[in-house]
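When you number the sequence shown by the numbering used here, it's gap-free, plus one each residue, and the end is 361.
See structure below.
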Amino acid sequence: MKKAFVTGWPISHSKSPMLHGFWIDHYGINASYEPLGVEPENFQKFLKDLPNSEFVGGNVTIPHKEIAFENLTKLDDAAKAIGAVNTLWIESEILCGGNTDAYGFSANLDEFAPEWRDGKTAMVLGAGGASRAIVHSLLEAGFEKILIVNRTYERAQKLANQFGDNCSAHNWADLPDLMPRTDLIVNTTSIGMAGTDASMMPDLSVLSDNTIVTDIVYSPLETPFLKSANERGLKTVDGLGMLLHQAVPGFEKWFGIRPDVTPQLRKLILELSA
Ligand code: NAP
């Protein structure tokens, strides 16, 4: 039996076991995928032991993504650009790390708003851990200008500096001036996540009628950000697809089948998360 895992601390909230469990059943594979809580002080040893363990690989989530990046010598290009690892696999007894979040983000937009790739200017709200994958994905898709707007300006500035000349950092107060110029706007802040303060939600009335609006937060599925865009009649894409698509490359590496992201899977994850 091939065994894979998701590790984080804590780990009980992770939806990855139900997602990979669905595909294991669906494709009838002799495999397992289990949550493994590893405390931060034990994570480096966990990584070191992996090539000689019973596992073929796994996923890494908060707070281990950056530590995995720092401790691996073999990384894919996305992990190098993003500075974090979310997928591990073993090749010739060497532990390798990749990052599939940018792929998941792009694949979700490709599915629900393929015209996003025609855009030239994108706005990213937020400069936390997840925003780096989004900026990488936007650069890969050929966006010429990426406006990074964050409550704490210094973090936006750091992110913009890391990703080069196509990126610029901005204050939250600049939003009304910047928003009419964007073809795509992505919320990567936790504003609108169930139970969080939504008082800084931007006013979307100034966006152009053609702007595509997407949120990487998927709980609730229709965040206040997406609700406001839907009420304005704008094209919107929710964040659940990013979660589903980012899991595809790992499953393929560990188990040898490239799984499909289907409406049935989406429905199941929504039902099980409700
Ligand atoms: P993070 O590192 O903690 O960053 C949070 C970001 O939100 C920061 O930019 C922070 O601004 C901003 N923020 C928080 N509260 C705010 C408020 N009240 N008003 C304005 N800005 C606020 O988190 P993360 O890891 O980037 O994750 C962000 C969200 O993305 C989470 O909800 C996570 O579940 C979701 N996510 C989804 C997927 C997916 O597959 N769909 C993948 C990864 C993450 P400051 O810098 O000013 O604090």
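Heads up, the beta-carbon is just placed ideally off N, CA and C, and yes, glycines get one too.
These numbers come from a predicted model, not from an experiment.
Cβ-Cβ distances below 8 Å link D261 to V236 in the same chain, with the five nearest sequence neighbours on each side left out; the list follows chain order.
Around the C-beta of G215, fewer than 16 other C-beta atoms lie within 10 Å, and the residue is accordingly described as exposed.
Separation of the CB atoms of A194 and H332 is rounded to 4 Å, and the pair is thereby assigned contact status at 8 Å. Beta bridge pairing from DSSP links P122 with V93. For Q244, the distance from the CB to the nearest heavy atom of ligand 1 is not below 7 Å. When the five nearest sequence neighbours on each side are left out, the beta carbons in the same chain lying within less than 6 Å of the beta carbon of S315 are those of L291, in order along the chain.
For W176, the beta-bridge partners assigned by DSSP are G144 and C183. Separation of the CB atoms of V172 and F192 is rounded to 16 Å, and the pair is thereby denied contact status at 8 Å.
D136 has its alpha-carbon roughly 45 Å from the corresponding atom of K207.
Cβ-Cβ distances below 6 Å link G185 to D163, A166 and T174 in the same chain, with the five nearest sequence neighbours on each side left out; the list follows chain order. For the options S306, D325, T310 and Y114, the alpha carbon positioned closest to that of S101 is the one of S306.
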